[in-house]
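**Q**
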């Protein structure tokens, strides 16, 4: 199990952070990601591998005025 924004989800296949975000329809250019308490630089999303027990916090940027 992996925790994403406070909700537990089953991680059925080993995948990169980037692959996970794309599969969940996140716009990578408009989010920030924290993995296990550490901010993940966008340039490393494809190299960071997710595993059971990980905790992800994904924050979306929204415009407004």
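Numbering (the UniProt record's numbering), first residue to last: 1 to 65.
All C-beta atoms in this analysis are idealised placements derived from N, C-alpha and C, irrespective of residue type, glycine included.
Since the model is a prediction, treat every value here as computed from it, not as a measurement.
Since residue 8 is in the beta strand (DSSP E), which residue starts that stretch and which ends it?
**A** Here the beta strand (DSSP E) through residue 8 covers 7-9.
**Q** So, helix, strand or coil for residue 55, using DSSP?
**A** If DSSP states are grouped into helix, strand and coil, residue 55 belongs with the strands.
**Q** Is it true that the CB of residue 58 sits closer than 8 Å to the CB of residue 5?
**A** Contact flag set, yes.
**Q** Out of 22, 32, 21, 53, which one is the CA nearest neighbour of residue 62?
**A** Minimum Cα distance to residue 62 is reached at 32.
**Q** State the Cα-Cα distance for the pair residue 28 and residue 22, rounded to the nearest angstrom.
**A** Taking the straight line from one Cα to the other gives about 8 Å.
**Q** When you compare only the Cα positions, how much space is there between residue 30 and residue 60?
**A** If I take the Cα positions, the gap works out to 6 Å.
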